[in-house]
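Everything below concerns the one structure shown next.
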């Protein structure tokens, strides 16, 4: 009896009910379905190259509203910062963000990222990649004028 109560307590409190999660995937020839089924595909000649973020979420019913958004903050390897905003109209779901081809080559790829679900300025859920930090923008000093 004690074991079953302990097991129930563990199961009921062991997981986070509401969340936002981000997974990073590499995109290339191996991510094309035609690679595995060996079907003709014009993309095999020049496959996309880059990275994909898959952002999924699960929210409580009371959090739903017209101004619910997912804000994706990105820092690329060339230290440029991007902010993408997506509207959310479902309690759970997913969005993908692709950094492909020329944009990927110019930036070098994703360095770090943070996803926030917010409504009317209040942040409901946050996911930060392990390396996430705000970039410091030092003030410009004109050494020629000194």
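In the working numbering, the protein residues as written are 22 to 167.
All C-beta atoms, glycine included, are put in the ideal place defined by N, C-alpha and C.
Item: Quick check: the Cα distance between residue 40 and residue 79, rounded to an integer number of angstroms?; Value: 5 Å
Item: Leaving out the 5 sequence neighbours to the left and right, which residues in its chain are closer than 8 Å to residue 117 when beta-carbon positions are compared?; Value: 73, 74, 75 and 76
Item: Here's a check: name, in chain order, each residue in its chain whose Cβ is nearer than 7 Å to the Cβ of residue 115, leaving out the five neighbours to either side.; Value: 75, 76 and 77
Item: What does the alpha-carbon distance come out to for the pair residue 92 and residue 68?; Value: 29 Å
Item: Count the other CB atoms within 10 Å of the CB of residue 142; is the residue buried (16 or more) or exposed (fewer)?; Value: exposed
Item: Using CA coordinates, which residue listed in 155, 111 and 66 is at the minimum distance from residue 82?; Value: 111
Item: Rounded to whole angstroms, what is the Cα-Cα separation between residue 65 and residue 124?; Value: 20 Å
Item: Can you tell me which of 160, 131 and 164 puts its alpha carbon nearest to the alpha carbon of residue 153?; Value: 131
Item: Look at residue 58 and residue 119 and say whether their C-beta atoms are less than 8 Å apart.; Value: no
Item: With a CB to CB cut of under 8 Å and the five nearest residues on each side skipped, what residues in its chain are close to residue 88?; Value: 140 and 141
Item: Between which residues of its own chain and residue 150 is the CB-CB distance below 6 Å, once the five residues before and five after are set aside?; Value: 133 and 134
Item: For residue 44, does the three-state DSSP call read helix, strand or coil?; Value: strand
Item: What first and last residue would you give for the alpha helix (DSSP H) that runs through residue 39?; Value: Segment: none, residue 39 is in no alpha helix (DSSP H) and carries neither H nor E.
Item: Alpha carbon to alpha carbon, how far is residue 62 from residue 159?; Value: 48 Å
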